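Chains as they are written, first to last, in our numbering: chain A, 9 to 191; chain D, -1 to 253; chain W, 223 to 672.
Here it is as structure tokens:
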């Protein structure tokens, strides 16, 4: 990490900032490449689109040693229990990045064999569309996740934030009833 | 839904040329276009009819190496006590390239033998073992489901290659839905092991004598056989902002 | 329907063996391997389950190994964890849209699925003679570049699985050069949907041949580096020589094709045996070896990359000669309507075409609309087309019922077939050799499971 990443001001004010900074600097993904997106994920980890700049080149094979599960590829009905098992084996704090349209929503495969979005199986923090997303897009999503990790509240703040998010979701318009500007 | 009846197999360029080429066998008729059917349609598309045609069984001489191969096969089968006409129901020759005057089928021509299911193993053994046939490489089994072809709904299609002679062959075996059994060819071509498992998994064709016929792609306890025509594609309606798009098999058909 | 003869070749032990007097028979196919093993074998042997999530980056392959110390006594593959139902999905799309689906089967060599599918569709349509020469040259060029890219991934992931990460970074860097070329031509790095029935979607960019001429020496340099890194390395050699042996009889019995068959000594290559896309006019060799082990397969794959680059050079010459020629069949009832070009605004549109259909001719608009939404009809029948895929022989069986959608599209994927050899290769060997053997088979689970 360069000097520009150092926190402004020399004295950190809250534990959240410190914890968020430490957590995001060394997120270790678990090797969970499934299909085509896995190849782009490997390319992101290779030399040209280096993920080790972000402390992430260490793809742990064991989920118990990993923080981030990048679900890269289509999740079939047979694989879904395995996804859940691997997620359960990861220890807190853990995040999920659903890479590609197949993991986010089932993608072009709207059929009997594919789970229509891995969020049916595990809670997802960041969705990354693309078929497959370029390595730069994956890095963009990872940086957005890093920002999310940096800003994530802890303790009492976390409970309050969760309640507020749930209340907002209950009042929000469902997608299929959104009208007007469709952007 | 446009009305079309049982497709079977083997068409050539002749189908599209009015009046040209050998007489084609009509197996179905498509009416309408653009999903337009029935009365009340004033677009005029409803009056369009097109025939679905297939070439009839090929007549001798087939051309190229096909005649010799079929003759040798008949000989070998006769030695094994199987009459050729019992084993092979139909011989079809298709050629994707335009016919050249005076020449037989091109090197891309395909020979298809429709084989009766009782004799599939004998035919395979003859094709593999005889030195003039020597189809030593089996490239798997492909299942096809023709629900409208009563009594012959499930087909298993074997593609064989003779590396020695540089030839290719297709065997098309049919069985009815009520009795979906075919003998396994793994004794002759062990390569067909997983392909037969896949065909069982997706179509429900039971290969009798297979060492371990189990589901291979779908989970072990999956009900049904997904690639049959009566199995739905599955899929859910997709929500967009302000709209819902139905899954592909429920959308409007433009044909 | 007689029982198979006892000494006839079998992929697995004949079931009859298990049912002798006093011998309990268990069919170990599907179900929970641990339970079956506990019932049948007791606690003496260990059953190790590798996958479907494991660091061996071949995808979601499940290997069930019964080991006795370090020796593998039984090895079985569990597949289907990536089954996507692509073949059934294709039955609900038009013939041209089928390209987009089949390209995602074996995602490391997508252009091969596209090419095989389009060649099969052209067989059914009867337009094999009408595909323009420039389109065929472009197809060959893209396929050969894809072969090099696919072999680079095979070597890279193979090296990575054995612990040599440098091999992976090197081969992925080399592959990036090729992906830049793909992006220049098709717009995408992977899963291009570029080859369409009748030709290719659009012509190559104007300065393309210069870029390729710069690329070739750089690729040769990377391949030389990979060869230097791997082939004389004593650890590499001791891990790979004599491992995963599958002799010629075994290969033919199991229907194995591709580098694995050629490592056993037989020079069978579909490009030479049943040429397509004009391969009979290209000058290239088919490398073979006789050792039939993992090391010879690595040597062969590198050698095949060099041969592919030879073909690419010949393609360059032909591209220069056919400058300006069409890349799509002339029949407007089949040809995809627009030749895309990047416009002033950076968007890919064919402005001339749009001007024509929107401004000039109503019939042209209707024709375009019908062709894109309904698609063209393909005469009824069956076709079989194979191509020499980097992993073996990819076959496509297409059945048409005369309509605008495939009635049945079946892909005989080489990885699916080749994985049957895992048992033969691994049983009796060490556990560590399982990873090496599977890597030398080079399975891509997207193709295996489809």
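Beta carbons are placed, not taken as given, at the ideal position from N, Cα and C, and that holds for glycine.
Quantities reported herein were computed from a predicted structural model and do not represent experimental measurements.
| query | If we count the other Cβ atoms within 10 Å of its Cβ and call it buried at 16 or more, is residue 106/D buried or exposed? | reply | buried
| Does DSSP put residue 192/A in a helix, a strand or coil? | Since the first residue shown for chain A is 9 and the last is 191, residue 192/A is missing from the structure and cannot be characterised.
| query | Whose C-beta lies closer than 6 Å to the C-beta of residue 102/D among residues of the same chain, with five residues either side of it excluded? | reply | 61 and 62
| task | Whole angstroms is fine: what's the gap from residue 145/D's alpha carbon to residue 153/D's? | result | Answer to the nearest angstrom: the Cα atoms are 10 Å apart.
| request: Please decide whether residue 490/W counts as near chain D, where near means a Cβ-Cβ distance under 8 Å. | output: yes
| task | Kindly identify the DSSP beta-bridge partner or partners of residue 50/D. | result | Looking at the DSSP output, residue 50/D shares a beta bridge with 26/D.
| query | Using the C-alpha atoms, what's the distance from residue 243/D back to residue 587/W? | reply | 25 Å
| Does any C-beta atom of chain D lie closer than 8 Å to the C-beta of residue 135/A? | No, its Cβ sits nowhere closer than 8 Å to a Cβ of chain D.
| query | Do you know offhand how far residue 80/A's Cα is from residue 283/W's? | reply | Going by the C-alpha atoms only, they are around 15 Å apart.
| request: Could you give the DSSP three-state label for residue 550/W: helix, strand or coil? | output: strand
| query | Does residue 403/W have its Cβ less than 8 Å from a Cβ in chain A? | reply | no
| request: Give the straight-line distance between the Cα atoms of residue 156/D and residue 511/W, rounded to the nearest whole angstrom. | output: 30 Å
| request: Answer with yes or no whether the minimum CB distance from residue 664/W to chain A is below 8 Å. | output: Taking Cβ atoms only, chain A never reaches closer than 8 Å to residue 664/W, which makes this a no.
| field | chain A within 8 Å of residue 242/D, Cβ atoms only | value | yes
| request: With 8 Å as the threshold, decide whether the Cβ of residue 93/A is near any Cβ in chain D. | output: So no, residue 93/A is outside the interface.
| query | Taking C-beta to C-beta, are residue 496/W and residue 608/W nearer than 8 Å? | reply | yes
| field | Residue range of the unbroken beta strand (DSSP E) whose run includes residue 293/W | value | 293 to 300
| said: Would you call the segment 72 to 88 of chain D in contact with the segment 333 to 348 of chain W, where contact means no fewer than 3 C-beta pairs closer than 8 Å? | reply: no
| Considering only the beta carbon of each residue, do residue 131/D and residue 474/W sit closer than 8 Å? | In terms of Cβ geometry, residue 131/D and residue 474/W do not form a close pair [threshold 8 Å].
| request: Figure out for me which residue from 664/W, 651/W and 627/W has the closest Cα to the Cα of residue 637/W. | output: 664/W
| According to the neighbour-count rule (16 or more other Cβ atoms, all chains shown, within 10 Å of its Cβ), is residue 415/W buried or exposed? | buried
| request: Please list the partners that residue 82/A has in chain W, where partner means a Cβ-to-Cβ separation under 8 Å. | output: Within chain W, the residues near residue 82/A are 304 and 306.
| Which bits of chain W does residue 120/A rub up against, with CB to CB less than 9 Å? | 307 and 310
| said: I'd like the span of the alpha helix (DSSP H) that includes residue 166/D, first residue to last. | reply: Looking at the DSSP string, residue 166/D is not in any alpha helix (DSSP H); the run it does join, the beta strand (DSSP E), is 165 to 173.
| query | Any beta-carbon of chain W closer than 8 Å to the one on residue 136/D? | reply | Answer yes: the Cβ-Cβ gap between residue 136/D and chain W drops below 8 Å somewhere.
| Taking only beta-carbon atoms, is residue 202/D less than 8 Å away from chain A? | no
| field | Residue nearest to residue 366/W in terms of C-alpha spacing, selected from 574/W, 270/W and 441/W | value | 441/W
| request: Report the neighbours of residue 183/A on chain D: residues whose CB is nearer than 8 Å to its CB, in chain order. | output: Within chain D, the residues whose beta carbon sits less than 8 Å from that of residue 183/A are 237, 238 and 239, listed in sequence order.
| Beta-bridge partners of residue 205/D, as assigned by DSSP | Residue pairing from DSSP places residue 205/D in a beta bridge opposite 180/D.
| Around the C-beta of residue 221/D, are 16 or more other C-beta atoms found within 10 angstroms, so that it is buried, or is it exposed? | exposed
| said: Give me the residue from 52/D, 195/D and 66/D with the minimum Cα distance to residue 58/D. | reply: 66/D
| request: Measure from the alpha carbon of residue 111/A to the alpha carbon of each residue in 87/A, 98/A and 100/A, then state which is nearest. | output: 87/A
| task | Locate the alpha helix (DSSP H) running through residue 29/A, then write down its first and last residues. | result | 23 to 33
| residue 134/A in three-state terms, based on DSSP | strand
| query | Which of helix, strand or coil does DSSP assign to residue 181/A? | reply | coil
| request: Return the CA-CA distance between residue 155/A and residue 276/W, expressed in angstroms with no decimal places. | output: 29 Å
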